[in-house]
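Trainee: Please see the structure below; I have some questions.
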Amino acid sequence: MSSKLNQMIASKYFSFFVTLALFVILYGAGMAIYKGFMRPQVFLNLFIDNAALIIVTIGITFTLIIAGIDLSVGAVLALVCMVLAWLLANTGIPLGLAVLLVLVMGTVFGAVQGYIITKFDLQPFIITLAGMFFCRGLTAVISQDTIQIVNPDWVALASYRIDLGVGFVSIGAVVALIMIAIAALVLGFTKFGRAVFAIGGSESSAALMGLPVFRTKVMVYAISGFCASMGGLAYSLIMLTGYNLHGLGMEMDAIASSVIGGTLLTGGVGFIPGALIGVLIQGVILTFISFQGTLSAWWTKIVVGALLCVFIIMQALITEQKSKLSSKRSMETPKEPPAAAVQS
Amino acid sequence: MAQALLEMRHITKEFPGVRALSNVDFTLHAGEIHSLMGENGAGKSTLVKVLTGVYPRDGGTVFLNGKAINPKTPKDAQDCGISTVYQEVNLCSNLTVAENIFIGREPRKFGMIDWKTINQRAAELLAKLDVHIDVTKTLDNYSVALQQMIAIARAVDVDAKILILDEPTSSLNEEETAHLFKIMRQLQKQGLGIIFISHFLDQIYEICDHITVLRNGELVGAYETAKLPRLELIAKMVGKDLNEVKDMDNFAEKSVPSDEVFLEAKGIGAVGKLNEVDVQIHKGEVIGFAGLLGSGRTETAELLFGINEINKGSLSINGKKLHLKNPMNAMEQKIGFCPEDRKLSGIIGDLSVRENIILAMQAKDGILRHIPYEEQVKIADDCIKLLRIKVSSREQLVKNLSGGNQQKVIIARWLATQPDLLILDEPTRGIDVGTKTEIQKMAISLAKKKGMAVVFISSEMDEMVRTCTKLVVMRDRRKVAELTGSDISSDGVMKAIAGGAA
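So the sequence lines, in the order shown, correspond to chains A and B.
So the first sequence is numbered by the numbering used here: it starts at 15 and just counts up by one.
So the second sequence is numbered by the numbering used here: it starts at 53 and just counts up by one.
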């Protein structure tokens with residue numbers, strides 16, 4: 015019995031399953047208490063409302079896996095919303111080009127941060143904090159006030175509903191899910207993705223194994239910047255404005271989601287579907303509060319804070335348990351080689 | 053002679069303020085196992101790192117099969133066919149065994165990594181090395197010895213022409229080492245050139261064809277193993293006359309233990325770690341815990357230092373019965389402990405030598421009691437002089453010292469607390485012959501001059517025999533014999549270890 019439990023704990027996906035179970039329980043509780051939870055659309059709304067956060071979380075999960083962090087994502091998201099709104103309001107450039115421009119801008123910004131961090135071996139925390147101030151400031155310089163987006167195509171995209179029979183989803187939600195799938199594939203099944211994990215496990219080992227550490231790290235921050243700008247587009251589709259305070263503190267929500275989903279801040283461990291569930295759990299709590307009607311939305315933060323604490327402690331316990339298991343196993347190993355020698 | 057596989061000519065490498073290599077030549081032929089020898093800091097690791105592209109060289113040329121090469125990164129070197137297994141296993145513990153073998157060159161199917169093939173081929177590769185483990189588990193599930201085998205499997209599979217093994221055996225037990233040597237001979241027959249670095253002379257003489265000796269970053273010479281007697285080799289490594297080296301082996305007389313018992317353990321044990329062990333430690337005694345890796349030597353030491361709690365038996369110190377709950381309790385009883393893995397649980401690389409030495413004292417006194425700077429300086433200087441630690445100043449960062457000197461800093465740390473019992477767990481592992489002898493001598497002189505009791509744990513039988521006045525022999529987590537006086541010999545220990553197995 016206990017050995018089975020130990021095996022479960024040693025499994026790479028243990029914390030993912032805990033998160034998933036928590037989500038199911040929360041959702042089940044919602045269905046038991048509020049009839050409204052039964053409607054499929056409520057479930058789909060989780061994706062619609064959190065599309066931007068999901069996308070941003072993907073990027074931040076990449077940086078967390080290499081034991082880095084990207085605090086600039088919320089500010090990049092705001093900058094993207096603002097630049098897009100400004101471009102559409104003040105220049106005649108086509109929508110497609112404007113979208114492309116902001117995506118390139120976010121990605122390049124991420125890559126530059128990554129280059130600085132890697133080249134000078136600096137703390138990602140500080141560099142991306144600087145990046146956050148920079149983008150937030152730049153956003154305010156472009157405009158202190160809200161800029162409305164009135165471009166008809168963008169408005170049409172924003173209100174476009176993809177009918178699924180039982181309900182509908184937005185473009186943003188679909189993009190978020192596609193990006194989740196791509197990110198999971200990239201991390202699990204490409205050389206680049208595995209190099210990301212290797213760097214998170216041990217950067218010096220990764221370099222000695224001949225992996226392109228420099229390039230990979232820069233690319234990870236570029237991906238984070240790209241995700242932040244994609245998140246900005248998704249955010250823009252919901253808000254249809256450019257505003258200096260968009261996405262304030264979103265980097266923290268994203269980090270929290272990622273950690274609840276099983277990412278270790280020490281690097282080397284992370285699971286994209288887990289990060290998705292992490293976002294959804296926050297969404298469910300928010301849904302609870304809106305169904306309840308009288309509670310302040312800030313209760314979400316309280317619950318998320320408590321959850322985060324619980325999950326971090328759980329991860330610490332798992333790590334401890336694992337190292338206990340492996341030390342046990344290494345105590346057993348001296349007996350193995352003789353057996354092998356007999357075979358040979 | 054046929055063209056050399058690898059030729060390094062006039063290699064020079066400078067670090068700020070230090071000339072790590074000057075004008076070093078090195079030649080390796082295919083199908084040869086060649087040892088690089090030298091004391092710590094002689095430039096072996098630097099030479100290897102220059103060859104593998106970790107450090108750029110400042111001068112000289114490298115020819116591989118007659119063609120000049122200039123690897124700038126480990127990847128470049130790997131592409132040229134130069135693979136390395138480093139002293140500290142350089143794999144990623146968060147990845148699976150199979151992935152660690154294949155990362156960077158994963159077989160792919162439709163552009164995506166083909167996990168099935170990876171797992172299958174990894175299992176086959178390891179099977180060739182006689183290692184049978186679940187390759188889909190993450191690396192941190194396995195012991196260091198197994199990780200080492202996995203690192204070799206990786207190195208060999210990258211189509212290597214040259215395999216560099218940098219102290220691969222320092223964490224392996226005898227059977228694992230034998231296993232490794234079998235693999236090395238197998239690879240040698242396949243025409244690989246192998247560079248083997250080790251501090252174990254026995255191993256060098258068992259497996260190597262040629263020896264190149266370095267000292268202080270300079271080439272001393274290259275020799276055929278068969279034509280170079282051990283003492284001569286040591287003389288070349290330390291740069292002394294043969295006669296002086298002979299003296300080194302002629303040890304200072306062992307200490308004479310007093311009748312006063314410092315510590316007495318009766319049937320101590322801990323569930324799953326150790327079965328009842330009796331030990332009596334007298335003042336002024338150097339007592340050795342002998343046995344194979346995993347026999348319970350370290351576990352016994354850990355019980356004596358309170359790292360693990362004793363669940364069985366009783367322990368008395370200076371005649372008083374005690375229960376040690378944690379290392380702090382043990383320190384209060386004037387016990388000091390230098391752990392086996394100095395990188396992991398001993399040394400703090402980013403602090404200076406002085407700070408590292410003061411650490412245990414500070415811990416004992418409580419963090420609130422400030423030790424005056426002048427006193428710290430005095431203690432540090434005393435220790436540096438006493439142990440002959442090679443440092444540029446007492447404020448040098450410990451991470452910039454060689455392994456042997458780091459070990460001395462840890463010993464100094466405990467000496468500063470003026471313990472009555474000092475436990476040294478593998479104090480000579482991974483350090484050069486000269487320093488080894490110094491540490492052994494130091495253990496004896498501590499016992500002699502200060503009446504300190506010293507527990508000496510080592511895998512090298514010779515040094516135990518030379519240093520200890522009493523040997524506790526362990527096997528399978530229990531004590532199987534206690535040898536004193538003239539019974540202490542390598543033979544005696546071997547017999548005691550083998551005794552019950554027959």
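Just so it is clear, CB atoms sit at the ideal spot from N, CA and C, and this is done for glycine as well.
What residues of chain B sit near residue 208 of chain A, judged by a beta carbon separation below 8 Å?
Mentor: For the purposes of this step, residue 208 of chain A is taken as residue 194 along the first sequence, with counting starting at 1. Per Cβ cutoff of 8 Å: 147, 151, 155, 158, 165.
Trainee: Give a yes or no on contact between the segment 247 to 257 of chain A and the segment 183 to 201 of chain B, applying the rule of three or more CB pairs nearer than 8 Å.
Mentor: Output reads no: the segment 183 to 201 of chain B does not touch the segment 247 to 257 of chain A.
Trainee: Could you work out which residue in B/56, B/86, B/217, B/94 is closest to residue 8 of chain B when comparing CA atoms only?
Mentor: Residue 8 of chain B is absent from the structure shown; chain B starts at 53 and stops at 554.
Trainee: Tell me which residue opens and which closes the alpha helix (DSSP H) that residue 247 of chain A is part of.
Mentor: As a working note, residue 247 of chain A is residue 233 in the first sequence. Unbroken alpha helix (DSSP H) run through residue 247 of chain A: 227 to 253.
Trainee: With burial defined as no fewer than 16 other Cβ atoms inside 10 Å of the residue's Cβ, what is the status of residue 553 of chain B: buried or exposed?
Mentor: Sequence index remark: in the second sequence, residue 553 of chain B carries index 501 (1-based). At residue 553 of chain B the pLDDT is 42, less than 50, meaning the model places this residue with poor confidence; the figure from the coordinates comes in the next sentence. Exposed, because fewer than 16 other Cβ atoms sit within 10 Å of the Cβ of residue 553 of chain B.
Trainee: Within the same chain, show all residues whose beta-carbon is closer than 6 Å to that of residue 210 of chain B, passing over the 5 residues directly before and after it, in chain order.
Mentor: Taking the first residue of the second sequence as 1, we reach residue 210 of chain B at position 158. 130, 135, listed in sequence order.
Trainee: Nearest CA to the CA of residue 462 of chain B: which residue from B/416, B/281, B/409, B/495?
Mentor: Looking up residue 462 of chain B in the second sequence gives position 410. With distances taken between Cα atoms, residue 462 of chain B lies closest to B/409.
Trainee: How many angstroms separate the CA atom of residue 68 of chain B from the CA atom of residue 105 of chain B?
Mentor: Position 16 of the second sequence holds residue 68 of chain B. Position 53 of the second sequence holds residue 105 of chain B. Rounded to whole angstroms, residue 68 of chain B to residue 105 of chain B spans 19 Å at the Cα level.
Trainee: Hey, does residue 216 of chain A have any beta-carbon neighbour from chain B nearer than 7 Å?
Mentor: Start at 1 with the first residue of the first sequence, and residue 216 of chain A comes out as number 202. Chain B, which has a Cβ nearer than 7 Å to the Cβ of residue 216 of chain A, makes this yes.
Trainee: Determine the direct distance from the alpha carbon of residue 120 of chain B to that of residue 513 of chain B, and round the result to whole angstroms.
Mentor: Indexing the second sequence from 1 puts residue 513 of chain B at position 461. Indexing the second sequence from 1 puts residue 120 of chain B at position 68. Rounded to the nearest angstrom, the two C-alpha atoms are 45 Å apart.
Trainee: Apply the 10 Å Cβ neighbour rule to residue 510 of chain B and answer buried if 16 or more other Cβ atoms are within range, or exposed otherwise.
Mentor: Translated into positions along the second sequence, residue 510 of chain B becomes position 458. Buried, because 16 or more other Cβ atoms sit within 10 Å of the Cβ of residue 510 of chain B.
Trainee: Based on Cα-Cα distance, which residue from B/533, B/96, B/66, B/529 lies nearest to residue 326 of chain B?
Mentor: Residue 326 of chain B sits at position 274 when you count from the first residue of the second sequence. Of B/533, B/96, B/66, B/529, the residue nearest in Cα terms is B/529.
Trainee: Do residue 131 of chain A and residue 138 of chain A have their C-beta atoms closer together than 7 Å?
Mentor: For the purposes of this step, residue 131 of chain A is identified with residue 117 of the first sequence, where counting begins at 1. For the purposes of this step, residue 138 of chain A is identified with residue 124 of the first sequence, where counting begins at 1. In this structure, residue 138 of chain A lies closer than 7 Å to residue 131 of chain A by Cβ.
Trainee: Under a CB-based cut-off of 7 Å, is residue 232 of chain B close to chain A?
Mentor: Here residue 232 of chain B refers to the residue found at position 180 when the second sequence is read from its first residue. Chain A contact via Cβ: absent.
Trainee: Taking the C-alpha atoms as reference points, what is the distance between residue 122 of chain B and residue 316 of chain A?
Mentor: Locating residue 122 of chain B in the second sequence gives position 70, where the first residue counts as 1. Locating residue 316 of chain A in the first sequence gives position 302, where the first residue counts as 1. Each residue's Cα considered, the two are about 58 Å apart.
Trainee: Could you please give the first and the last residue of the uninterrupted alpha helix (DSSP H) stretch that includes residue 74 of chain B?
Mentor: Taking the first residue of the second sequence as position 1, residue 74 of chain B is located at position 22. Where residue 74 of chain B is concerned, there is no enclosing alpha helix (DSSP H), although the beta strand (DSSP E) it sits in stretches over 70 to 80.
Trainee: Would you grab the beta carbon distance between residue 149 of chain B and residue 174 of chain B for me? Rounded to a whole angstrom, and I think it's under 8 Å.
Mentor: If you number the second sequence from 1, residue 149 of chain B lands on position 97. If you number the second sequence from 1, residue 174 of chain B lands on position 122. Rounded, the Cβ-Cβ distance is 6 Å, consistent with contact.
Trainee: Write down the C-beta distance between residue 144 of chain B and residue 220 of chain A rounded to the nearest angstrom, noting that I regard them as a contact closer than 8 Å.
Mentor: Numbered from 1 along the second sequence, position 92 holds the residue referred to as residue 144 of chain B. Numbered from 1 along the first sequence, position 206 holds the residue referred to as residue 220 of chain A. Between residue 220 of chain A and residue 144 of chain B the Cβ distance is about 7 Å, and since that is below 8 Å, they are a contact.
Trainee: Please decide whether residue 99 of chain B counts as near chain C, where near means a Cβ-Cβ distance under 7 Å.
Mentor: In the structure shown, chain C cannot be found, because the protein chains are A and B.
Trainee: Determine, for residue 224 of chain A, whether the minimum Cβ-Cβ distance to residues of chain B falls below 7 Å.
Mentor: Start at 1 with the first residue of the first sequence, and residue 224 of chain A comes out as number 210. Yes, residue 224 of chain A counts as interfacial toward chain B.
Trainee: What's the gap between the Cα of residue 42 of chain A and the Cα of residue 28 of chain A?
Mentor: By 1-based counting over the first sequence, the position of residue 42 of chain A is 28. By 1-based counting over the first sequence, the position of residue 28 of chain A is 14. Computed Cα separation, rounded: 21 Å.
Trainee: Using a threshold of 7 Å, state whether the C-beta atoms of residue 290 of chain A and residue 176 of chain A are closer than that.
Mentor: What you label residue 290 of chain A is simply residue 276 of the first sequence in a count that begins at 1. What you label residue 176 of chain A is simply residue 162 of the first sequence in a count that begins at 1. Cβ distance not < 7 Å, so residue 290 of chain A and residue 176 of chain A don't count as in contact.
Trainee: Please find out if some non-hydrogen atom of the ligand FMN comes closer than 6 Å to the beta-carbon of residue 42 of chain A.
Mentor: As for the ligand FMN, it is missing from this structure, which has no ligand bound.
Trainee: Among B/62, B/342, B/320, which has the Cα closest to the Cα of residue 518 of chain B?
Mentor: To locate residue 518 of chain B, count along the second sequence from 1; it is residue 466. Of the listed residues, the one whose Cα sits closest to residue 518 of chain B is B/342.
Trainee: Could you have a look at residue 518 of chain B and say whether DSSP puts it in helix, strand or coil?
Mentor: Indexing the second sequence from 1 puts residue 518 of chain B at position 466. In the structure shown, residue 518 of chain B sits in a helix (DSSP, three-state: H, G or I).
Trainee: Would you decide whether residue 352 of chain A is buried or exposed? Buried here means 16 or more other CB atoms lie within 10 Å of its CB.
Mentor: In the first sequence, the residue the question calls residue 352 of chain A occupies position 338. A caution first: residue 352 of chain A carries a pLDDT of 37, below 50, which makes its placement in the model unreliable, though a value can still be read off. By the 10 Å Cβ count, residue 352 of chain A comes out exposed.
Trainee: Just tell me which of A/44, A/189, A/83 has its CA closest to the CA of residue 61 of chain A.
Mentor: Counting from one through the first sequence, the residue named residue 61 of chain A turns up at place 47. Nearest option by C-alpha distance: A/189.
Trainee: State yes or no: is the beta carbon of residue 212 of chain A nearer than 7 Å to at least one beta carbon in chain B?
Mentor: For the purposes of this step, residue 212 of chain A is taken as the residue at position 198 of the first sequence. It does: the Cβ of residue 212 of chain A has a partner Cβ on chain B nearer than 7 Å.
Trainee: Among B/63, B/77, B/118, B/417, which residue has its Cα nearest to the Cα of residue 111 of chain B?
Mentor: The sequence position of residue 111 of chain B within the second sequence is 59, counting from 1. With distances taken between Cα atoms, residue 111 of chain B lies closest to B/63.
Trainee: Hey, could you find the ends of the beta strand (DSSP E) residue 332 of chain B is sitting in?
Mentor: On the second sequence, residue 332 of chain B is found 280 positions in, with the first residue counted as 1. Taken as a continuous stretch (DSSP letters only), the beta strand (DSSP E) holding residue 332 of chain B covers 326 to 334.
Trainee: Kindly indicate if chain B contains any beta-carbon less than 7 Å away from that of residue 128 of chain A.
Mentor: As a first step, residue 128 of chain A is located in the first sequence; it is residue number 114 there, counting from the start. Cβ-Cβ to chain B under 7 Å: no for residue 128 of chain A.
Trainee: I need the DSSP call for residue 162 of chain A, collapsed to helix, strand or coil.
Mentor: Reading the first sequence from its first residue, position 148 is the one you call residue 162 of chain A. Strand.
Trainee: Quick one: what does DSSP say residue 355 of chain A is sitting in, helix, strand or coil?
Mentor: As a first step, residue 355 of chain A must be located in the first sequence, where it is residue number 341. Low per-residue confidence applies at residue 355 of chain A: pLDDT is 36, beneath 50, and the placement is therefore not dependable, though the value from the model is reported in the following sentence. Three-state result, residue 355 of chain A: helix.
Trainee: With distances taken Cα to Cα, identify the nearest neighbour of residue 85 of chain B among B/322, B/536, B/402, B/213.
Mentor: Within the second sequence, the letter at position 33 stands for residue 85 of chain B. Nearest of B/322, B/536, B/402, B/213 to residue 85 of chain B, Cα basis: B/213.
Trainee: Any idea what DSSP makes of residue 285 of chain B, helix, strand or coil?
Mentor: Residue 285 of chain B sits at position 233 when you count from the first residue of the second sequence. Three-state DSSP puts residue 285 of chain B in a helix.
Trainee: By the DSSP assignment, the alpha helix (DSSP H) with residue 223 of chain A in it spans what residues?
Mentor: To locate residue 223 of chain A, count along the first sequence from 1; it is residue 209. It is not in any alpha helix (DSSP H) - residue 223 of chain A carries neither H nor E in the DSSP assignment.
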